[in-house]
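>
Protein chains: 2
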Amino acid sequence: MVTILDVARLAGVSKATVSRALNGKVFVREEVKARIMQAIDETGYKPNQLARNLANNKTNSVGLVITNGLYNGPFFSSMIYHAATDSEMHGRQLVLADGKHSAQEERDAIDLLLSLRCEAILIYPKYLTVAELDEIIDTSETPIVVINRELTRNRSQCVFVDHQQSSERMVAYLLAQGHTRIAFVAGFEGSPTGDSRLAGYHQALRNAGIEPDPQLLVRGSWSTDSGYAAGRELLARNVPFSCVLAGNDDMAIGVAKACQEAGLRLPEDVSLAGFDDSVIGKYYNPALTTLHVPMDEMIRHAVAILLLPDETPPRAHQGELVCRESVVKVG
Amino acid sequence: MVTILDVARLAGVSKATVSRALNGKVFVREEVKARIMQAIDETGYKPNQLARNLANNKTNSVGLVITNGLYNGPFFSSMIYHAATDSEMHGRQLVLADGKHSAQEERDAIDLLLSLRCEAILIYPKYLTVAELDEIIDTSETPIVVINRELTRNRSQCVFVDHQQSSERMVAYLLAQGHTRIAFVAGFEGSPTGDSRLAGYHQALRNAGIEPDPQLLVRGSWSTDSGYAAGRELLARNVPFSCVLAGNDDMAIGVAKACQEAGLRLPEDVSLAGFDDSVIGKYYNPALTTLHVPMDEMIRHAVAILLLPDETPPRAHQGELVCRESVVKVG
DNA sequence: CTGTTAGCGCATTCAT
DNA sequence: ATGAATGCGCTAACAG
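Protein chains in written order, with the UniProt record's numbering: chain U, 1 to 331; chain R, 1 to 331.
(1) Using a C-beta to C-beta distance shorter than 8 angstroms, which residues of chain R count as neighbours of T59 (chain U)?
(2) Along the chain, which unbroken stretches of the beta strand (DSSP E) at least 3 residues long are found entirely within the segment 236–316 of chain R?
(3) Going along chain U, which residues have a C-beta under 8 angstroms from F76 (chain R)?
(4) Do the segment 132–148 of chain R and the segment 324–331 of chain R touch if we need at least three Cβ pairs shorter than 8 angstroms?
(5) Under the three-state reduction of DSSP, which class applies to L14 (chain U): helix, strand or coil?
(6) L94 (chain U) touches chain R at which residues, Cβ-Cβ below 7 angstroms?
(7) Identify whether S61 (chain R) lies in helix, strand or coil by the three-state DSSP scheme.
(8) With DSSP as the reference, please indicate the residues paired to F75 (chain R) in a beta bridge.
(9) Can you give, in chain order, each stretch of the alpha helix (DSSP H) that sits fully within the segment 64–133 of chain U and has at least 4 residues?
(10) Between which residues of its own chain and L306 (chain U) is the CB-CB distance below 6 angstroms, once the five residues before and five after are set aside?
(11) Using three-state DSSP, classify I210 (chain R) as helix, strand or coil.
(12) Could you check how far apart the C-beta atoms of A83 (chain R) and L112 (chain R) are, in whole angstroms? I think they sit under 8 angstroms.
(13) Going along the chain, which unbroken runs of the alpha helix (DSSP H) with 4 or more residues stay wholly within the segment 183–235 of chain U?
(14) Which residues in chain U sit within 7 angstroms of V279 (chain R), going by Cβ to Cβ distance?
(15) What residue does the alpha helix (DSSP H) around L175 (chain U) start on, and which one ends it?
(16) Distance, Cα to Cα, T180 (chain R) vs A262 (chain R)?
(17) Which residue comes first and which comes last in the alpha helix (DSSP H) that contains L50 (chain U)?
(18) If we count the other Cβ atoms within 10 Å of its Cβ and call it buried at 16 or more, is P214 (chain U) buried or exposed?
(19) Are V185 (chain U) and V218 (chain U) closer than 8 angstroms when you measure CB to CB?
(20) Which stretch, first to last residue, makes up the alpha helix (DSSP H) that contains E320 (chain U)?
(21) Check this for me: beta carbons of V18 (chain R) and V2 (chain R), under 8 angstroms apart or not?
(22) Could you spell out where the beta strand (DSSP E) holding V32 (chain U) opens and where it closes?
(23) Alpha carbon to alpha carbon, what distance is there between D276 (chain U) and A236 (chain U)?
(24) If I measure Cβ to Cβ from M295 (chain R) and keep anything under 7 angstroms in the same chain, skipping five residues before and after, which residues do I get?
(25) Would you report the Cα separation of Y124 (chain U) and A316 (chain U), rounded to the nearest angstrom?
(26) Can you give me, in chain order, the residues of the segment 260–272 of chain R that have a beta carbon less than 7 angstroms from any beta carbon in chain U?
(27) Report the partner residues of I136 (chain U) according to the DSSP bridge assignment.
(28) Counting only C-beta atoms, is A256 (chain R) closer than 8 angstroms to chain U at any point?
(29) Can you tell me whether V7 (chain R) is helix, strand or coil according to DSSP?
(30) For T59 (chain R), count neighbouring C-beta atoms within 10 Å of its own C-beta (all shown protein chains included) and say buried if the count is 16 or more, exposed if not.
(31) Nearest by alpha-carbon distance to S242 (chain R): which of R:L264, R:N53, R:D250 is it?
(32) For C118 (chain R), is the classification buried or exposed, using 16 other Cβ atoms within 10 angstroms of its Cβ as the cut-off for buried?
(33) In chain order, what residues of the same chain have a beta carbon less than 6 angstroms from the beta carbon of V322 (chain R), not counting five sequence neighbours either side?
As structure tokens, then:
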């Protein structure tokens, strides 16, 4: 491996001068600089970022922890996209770490990023609880921001939308369209996002004086496949409903498939809605009514909190109802 | 920052002993080890991976270069997913770098990963040509594997499928269904993948004695939005066709939207097919006929070439025709 | 403006 | 089995 010393010798200067010529903070005679550049060319020298980082005690990188199984699918791909874009905008490199399948592994992923000396860490938790996250942030010297959880103590270290309220708004809209028998495809049992959306569904129904029918509740696990399975389960129960609200768009599209296989037409026979506003919903036939989650805005905010803490006040993010063709008026 | 020295002092041993206790290659008395572990606990010591990497001259990481604008969308999300999974399977960490918007920036991304001392690099090129990639690989000491290009010299350093042949098979199938007026939505001008698929389309038509009609060719840029625009453009030309083949599934779904808006029913009035076999195609209504690209298999192979070069013979990857509902027989 | 010296935190000789 | 010394490649004082 060719090091800075090789370049220095070839150029007939000291290591320090090469370093200075490269980093440009201190002036180096043009003539010397030229010799150095030529030596770099000849040797094919590439600075060792590792050594540089160690000497500077900084890495210019931000870490992102998400559960591997979730990279797939439009939601997380959009998240990685924005995390990478925004990091680079601040001159930082994004490093991914896998939260895998347990709270412990999510901790391990954070530790890995910490040991890599990332300047800041972004986490979209799946298993770690709010209490655990608060604890981790309390004891961490490097800034950590949590996406999609409302923390108790470190309220400025998180970005999120109010899923329950969003869900209430969605259900209120469905009710306003005349639907009273609204089925709900929940997410994972224990998923805070899923639970909040479910709670919003229940709340909105009760606000309208409707007692939720447990027969109208099925569970999926966020994927399109699971939505399809949930849809079939719902249909097999043979209970009447005029509308299905799925915990996210992916599942909604799975439900649509199940309905169509059963000979139901969308939206004539059954209305359908989801959450997240993923790209496909816009192009699906019928175009999917959904609740937009401003991922771009949230990630931009999260990265700003990490990297420019003084200039970044906490602020709320709002979901937005997107009405398209998949929901029709009834009654 | 708590270092190995703090731990050593607290445990009343030398840095070397702590290091040994941690790495486990050399035996350390159980009793001493216990003291060290306790000291680690008390101090909250986290090894500095940077320093460790520098001392070891290895990083346990593999880099992935792709163009940022492409992270989005199911195709690349699946790629990142598999790259991360397979890397971790080999005990390596995935580091993303952005190829941005030019060949130079793709080079820069590689250089960044090189300077980070990644052990190996994976690149899904967009701007760099085969000749340039061959040149880069020739002069690089760290292994580089190119995804989705057939290299000229470094034939064992790339994984790809034959897009032209796949496309020919697809078009042959469409012809066999009785379609003779088949429109084609190409990708970027100059995209090797897009050009190969287009070439396959032309070849298959000529094989069947049909002269390609330029009126049936439109261009998109891989995104669903661009497919929609291309679809509208095609319809505006007012030329007859019974089938549209899009350069990828995303664009196919955009085309579908355009057709439906024009009052055409799928697949009764127009058949539709794509490439890639993205998740949504399976659930789309009608389910999309497509050509499966074995991304999982290709990435697994690529990572194996990088990390286990001796055990990994080069081999061809095959696309596979997936016939679903969006294409119907005519005539 | 440039050379010399001293670390950054850790792993790894060589001693003992 | 453990300690002391050395070096990984680079940057940052400190001199001149």
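Backbone N, C-alpha and C define an ideal beta-carbon position, used for all residues, glycine too.
These numbers were taken from a predicted model, which means no experiment stands behind them.
Straight from the coordinates:
(1) Neighbours of T59 (chain U) across chain R, judged by C-beta separation under 8 angstroms: L50.
(2) Runs found: 243–246, 271–273, 290–292.
(3) For F76 (chain R), the neighbours in chain U by C-beta distance under 8 angstroms run, in chain order, S77.
(4) At 8 angstroms Cβ cutoff, the stretches do not touch.
(5) As written in the sequence, residue 14 (chain U) is Ser, which differs from the Leu given in the question. If DSSP states are grouped into helix, strand and coil, S14 (chain U) belongs with coil.
(6) Against chain R, a Cβ distance below 7 angstroms from L94 (chain U) picks out L96.
(7) In this structure, DSSP gives S61 (chain R) an extended state, which the three-state scheme calls strand.
(8) Listed as beta-bridge partners of F75 (chain R) by DSSP are no residues whatsoever.
(9) Within the segment 64–133 of chain U, the complete alpha helix (DSSP H) runs of at least 4 residues are 74–89, 103–115.
(10) When the five nearest sequence neighbours on each side are left out, the beta carbons in the same chain lying within less than 6 angstroms of the beta carbon of L306 (chain U) are those of A120, P143, V145, in order along the chain.
(11) Correct three-state label for I210 (chain R): coil.
(12) Rounded to whole angstroms, the Cβ separation of A83 (chain R) and L112 (chain R) is 17 angstroms, and the two are not in contact under 8 angstroms.
(13) If we require 4 residues or more, the alpha helix (DSSP H) runs fully inside the segment 183–235 of chain U come out as 192–207.
(14) Within 7 angstroms Cβ-Cβ: T224.
(15) From DSSP, the alpha helix (DSSP H) with L175 (chain U) extends over 163–176.
(16) If you take the alpha carbons of T180 (chain R) and A262 (chain R), they lie about 21 angstroms apart.
(17) Annotation for L50 (chain U): the continuous alpha helix (DSSP H) segment containing it runs 49–56.
(18) Result: exposed.
(19) Yes, the pair counts as a contact, with Cβ atoms nearer than the cut-off.
(20) Not the alpha helix (DSSP H): E320 (chain U) falls in the beta strand (DSSP E), residues 320–322.
(21) Result no, Cβ atoms of V18 (chain R) and V2 (chain R) do not sit closer than 8 angstroms.
(22) Segment 30–43 is the alpha helix (DSSP H) holding V32 (chain U); no beta strand (DSSP E) there.
(23) Distance from the CA atom of A236 (chain U) to the CA atom of D276 (chain U), rounded to whole angstroms, is 27 angstroms.
(24) These residues qualify, in order along the chain: S78, M79, H82.
(25) Rounded to whole angstroms, the gap between the alpha carbons of Y124 (chain U) and A316 (chain U) is 17 angstroms.
(26) Residues Q260.
(27) None, per the DSSP bridge assignment.
(28) Judged by the 8 angstroms Cβ criterion, A256 (chain R) is in contact with chain U.
(29) In this structure, V7 (chain R) counts as helix in the three-state DSSP scheme.
(30) Residue burial is scored here from C-beta neighbours: T59 (chain R) has at least 16 other C-beta atoms within 10 angstroms and is therefore classed as buried.
(31) Residue R:L264 holds the alpha-carbon nearest to the alpha-carbon of S242 (chain R) among R:L264, R:N53, R:D250.
(32) With 16 or more neighbouring CB atoms inside 10 Å of its own CB, C118 (chain R) falls in the buried class.
(33) If we look at V322 (chain R) and ignore the five residues flanking it on each side, its Cβ neighbours are D277, T290, H292.
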